[in-house]
Structure formats: structure tokens, C-alpha cells
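To keep things clear, I will list the structure first and then write my remarks on it.
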Amino acid sequence: MSVNSELEQTHRRRPQSWLVTAWAWLFNLTLYGLLALVVVNINRIAIRARLAGESSLFSSFLRLLVVGAALLLLTSTVHELGHLLGGWLAKLRFYLLVVGPFKISRETGKLRLSLSRGGAFNGLAASIPEQIYDLRRRMLLFALGGPLASLLLALLAGGLFYGLPTGAPAWVGECAAITAVYSLIFFLTSMKPGTYPNGMPADGGRILMLLQNGAEAKRWCALVALNSVDVQGQRPRDWDETMVQQVMTGLDASSEGMMARLLVYQWAVDNGRFAQAHLLLDDAFALRASRFPGAIGRFTLEKAYLLACQQNNPVEGREWLERLRRRSTNHPLSCRAEAAVLLREGQLSAARARAATGLDTLRHYPQTGANLAEAAWLQAIMDQSQSS
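Sequential numbering from 23 applies to the sequence shown in our numbering.
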């Protein structure tokens with residue numbers, strides 16, 4: 023199937039599944055049920071908190087706020103660790119764990135602890151297959167791990183709350199009840215059979231897709247495979263073209279659709295297929311993917327690079343470059359795009375300096391396949407600036 027026919031499918035909207043509607047009803051009924059439970063028992067809760075005195079979390083708003091935040095972070099951690107446990111059982115290799123402000127990642131074979139730029143209670147887990155076999159079953163185990171961990175925590179915390187002896191400290195039961203509610207909400211939220219409003223897929227949607235084993239499941243498994251070989255240091259030009267074409271099947275405007283376009287774009291450029299690369303960029307802009315500022319910013323820089331370096335059009339390249347006024351000036355991609363424009367403008371020393379800055383920054387990055395290609399593209403600009 024041609025690239026054009028594949029890209030035409032991106033503009034077809036899928037009807038909302040009845041499963042999404044059923045899930046929404048279940049989710050809302052559960053929340054209303056929890057709220058009704060609190061309202062019905064409000065007097066009992068108030069009396070218990072008053073009798074418990076200082077041993078109750080409700081005796082101090084600050085204490086309740088701090089403990090509630092800590093339990094929310096704990097609940098998020100358990101959910102993400104559940105994913106990683108599922109990945110371990112599926113013989114996947116740990117790659118990333120983000121919980122609140124903390125991030126643990128594997129870089130060049132070593133674990134690295136750093137701060138995350140996400141929200142205070144955001145969570146994310148990623149594991150990759152080192153060997154590409156039986157991906158559907160293995161990724162299904164990974165997807166199931168998080169929701170099952172949340173459900174198990176909700177049941178354990180709820181059982182602890184109802185099983186506490188009469189003389190137990192009030193804060194123990196309160197912590198158990200709060201944890202049970204948090205974890206139940208985590209379970210219900212993650213089991214949504216679709217995507218979240220930000221375009222990220224929910225665990226439930228992923229699980230349903232893998233169980234159905236249709237074209238979408240095959241596309242996602244191919245995307246996982248490409249990510250795997252990229253992380254292991256294989257340049258895009260050496261990626262399996264069959265996998266690349268599989269990733270192109272049924273692209274949509276989701277976050278993963280943007281990721282797929284980026285991977286296929288890198289493959290196209292590294293193989294000298296610049297017409298295909300232009301089509302991918304134009305398609306991404308046609309979707310108006312403004313809710314993915316990171317992706318659209320990257321595509322904008324790539325557009326400037328292609329216009330200048332491959333079409334010898336520095337005027338339009340400069341126009342695209344100026345659309346991103348708040349760009350990271352030392353990022354390798356930013357350096358490559360600007361160096362390409364400067365090269366075609368005849369500013370050879372400036373182009374050489376920007377390419378050198380990009381190469382220097384790139385030395386601190388993981389040696390992924392995409393970064394190896396990035397280094398080669400920057401070096402090509404450097405060589406052209408010296409030979410001109």
C-alpha cells in the first residue's frame with residue numbers, strides 16, 4: 023500500500039464504541055456511589071473523628087492534606103510498578119519509571135535518577151522487548167499489570183479497613199479507606215476502553231485492542247518493535263521496512279500516531295526518501311496536532327531542515343525556523359535545522375558552529391539509533407560547510 027493511501031486513512035474518524043459509553047456509566051455510578059456513601063455516613067464520620075482526637079487525620083487539615091497527597095503518590099507508584107512487574111513476567115527490559123516528580127530511566131545500560139517535568143502525581147512506566155517475538159501476548163501482560171495492581175491494592179486496603187479491631191488507631195483505618203478509594207478510582211480510570219482527552223491511550227483501550235488482535239494491535243506491536251531496535255542503537259536506515267510499513271497502517275491523530283510519524287520520518291530521511299518525509303510532515307500539520315506541542319515543534323524544525331538542506335530553499339526554511347521562537351537553542355535538532363538554513367544562506371562559519379554545538383550536546387545523549395542518525399546528519403552539514 024502506498025504512503026499516500028495510508029495517510030488518507032488518518033482523517034477518518036472512528037465512531038465511539040459502546041464500551042466507552044458503558045465504562046463512562048460505570049465510572050460515574052461508582053463515583054456517585056462513593057459520594058453517597060460519605061453523605062449517608064457523614065455524622066458517623068464526624069463523631070468518630072471527634073472521639074479519636076489527635077489520632078485522626080481529620081483533626082488537622084494540614085495533616086490530612088499531606089497524608090492524602092502521600093497516599094495518592096503511593097497509589098500511583100503501585101499502579102506503575104504493576105506494569106513493570108507484568109513486563110518482567112513477559113521478559114521485557116525495564117526502560118522508564120516516572121512517579122510524580124521523580125524519574126528513573128535506563129541510559130547506556132545504567133539506571134539514572136532525575137526529576138520529571140510532569141505533574142506532581144503523574145505516573146508512567148515503560149519496558150521494551152530486547153527480542154521481537156510473541157509481542158502481542160507480552161505487551162498484554164505489561165498492560166494488564168497496572169490495573170490489576172490497582173485493583174489488588176483497593177481490595178487489600180478495603181479489607182484492612184473493615185477488618186481493623188475496635189481499638190485500632192483512627193488514622194490507620196482512615197489511611198486504609200483513602201487508599202482503597204484512590205486505588206479503585208485508579209483502576210476504573212485506567213480501564214477506560216479508549217484514550218484519554220490528551221490523546222494518550224488508556225490501559226483498558228490497550229488491553230481490548232490486544233485481545234481483539236486486529237490491524238491496530240499489529241500496528242502497535244510494530245511500533246513497539248521499532249522503538250526497541252531504536253533504543254538498542256540501530257540506525258533508522260537499517261530498520262525492517264516491513265515493520266515500518268506496518269506502523270504506517272491506519273495512522274490517526276493520537277499521541278502514538280504522532281510518534282509513528284516521527285519514527286517513519288526518521289527512517290525515510292536516513293534512507294534518502296525525502297519526498298516521503300515531506301508527505302509525513304505535511305500530514306502531521308494537516309491534523310493540527312496542537313495538543314502535542316513537543317511533536318509539532320519537532321516537526322516544524324524538521325520542515326525547516328528539509329526545505330533548506332534538501333530543497334535548497336533557505337528563505338522558507340528560515341520562515342519555518344522563526345515559528346519556534348521559544349526553542350531550546352542547544353538541542354541537536356534545533357542546531358541541525360538552524361545549521362542547514364545557515365549553510366544554504368552562505369553563512370558557512372555560523373553553520374559550522376551550530377552543527378558543532380549540536381554534536382557536542384549529542385555526546386551527552388543516549389546512543390539510540392535516532393541519535394546516531396542525528397550525529398551523522400549534523401556531521402554532513404559540518405563537512406559541507408568546510409568543503410564549500
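Backbone N, C-alpha and C fix where the C-beta goes; we use that ideal spot for every residue, glycine too.
- Message: Which same chain residues end up closer than 7 Å to Leu177 when comparing Cβ atoms and leaving out the 5 residues on each side of it in sequence?
- Response: Once the five neighbours on either side are set aside, Leu177 has no close Cβ partner at all.
- Going by beta carbon distance, what residues of the same chain come within less than 7 Å of Arg241, once the five residues before and after it are set aside? Same-chain partners within the cutoff: Gln268, Val269, Thr271 and Gly272.
- In chain order, what residues of the same chain have a beta carbon less than 8 Å from the beta carbon of Phe209, not counting five sequence neighbours either side? Pro169, Ser172, Leu173 and Ala176
- Task: Could you work out which residue in Ser407, Ala359 and Tyr54 is closest to Ser371 when comparing CA atoms only?
- Result: Ser407
- So the alpha helix (DSSP H) Lys132 belongs to, where does it begin and stop? From DSSP, Lys132 is part of no alpha helix (DSSP H) but of the beta strand (DSSP E) over Lys132 to Leu137.
- What's the C-alpha gap between Ile150 and Leu166? 15 Å
- In or out: Trp47 buried (at least 16 other Cβ within 10 Å) or exposed? With fewer than 16 Cβ atoms within 10 Å of its Cβ, Trp47 is classed as exposed.
- Would you identify the three-state DSSP class for Gly236, choosing helix, strand or coil? Residue state, collapsed to three classes: coil.
- Tell me whether Ser127 sits in a helix, a strand or coil according to DSSP, three-state version. strand
- Query: Among all the DSSP beta bridges, which residues are the ones paired with Ala148?
  - Reply: Leu118
- Message: Using only CA atoms, which one of Ser98, Leu86 and Leu364 lies nearest to Met404?
- Response: Cα-wise, what sits closest to Met404 is Leu364.
- Counting pairs of beta carbons, one from the stretch 232 to 249 and one from the stretch 378 to 388, are three or more of them closer than 8 Å? no
- Item | Rounded straight-line distance, which links the Cα of Thr322 to that of Leu343 | 7 Å
- Taking 9 Å as the cut-off, decide whether the C-beta atoms of Val251 and Trp261 are in contact. yes
- Do Phe164 and Gly227 have their C-beta atoms closer together than 9 Å? no
- Which of helix, strand or coil DSSP assigns to Thr217: strand
- Query: What first and last residue would you give for the alpha helix (DSSP H) that runs through Trp110?
  - Reply: Element bounds for Trp110: Phe83 to Leu111.
- Message: Quick check on the DSSP output: what are the complete alpha helix (DSSP H) runs of length 4 or more inside the stretch 286 to 370, in order along the chain?
- Response: 296 to 308, 315 to 327, 336 to 344 and 354 to 366
- Query: Taking buried to mean at least 16 other C-beta atoms within 10 Å of its own C-beta, is Asp382 buried or exposed?
  - Reply: exposed
- Could you tell me whether the stretch 231 to 238 touches the stretch 120 to 137, using the rule of 3 or more Cβ pairs below 8 Å? no
- Query: Below 8 Å, can you find three or more Cβ-Cβ pairs linking the stretch 93 to 111 to the stretch 194 to 204?
  - Reply: yes
- Query: Can you tell me whether DSSP reads Arg36 as helix, strand or coil?
  - Reply: Because Arg36 carries a pLDDT of 49, less than 50, the predicted location of this residue cannot be relied on, and no value is offered for it.
- Proximity winner among Arg259, Ala192 and Glu238, relative to Ser78 (alpha-carbon distances): Per the Cα distances, Ala192.
- Which term fits Lys214, buried or exposed, when burial requires 16 or more other beta carbons within 10 angstroms of its beta carbon? buried
- Message: Using only the alpha-carbon positions, how far apart do Ser98 and Ile207 sit?
- Response: 11 Å
- Cβ pair count under 8 Å reaching 3, the stretch 117 to 125 against the stretch 135 to 147: yes
- Roughly how many whole angstroms lie between the Cα atoms of Ala58 and Asn50? 12 Å
- Query: Where does the unbroken alpha helix (DSSP H) through Pro169 begin, and where does it stop?
  - Reply: Leu157 to Gly185
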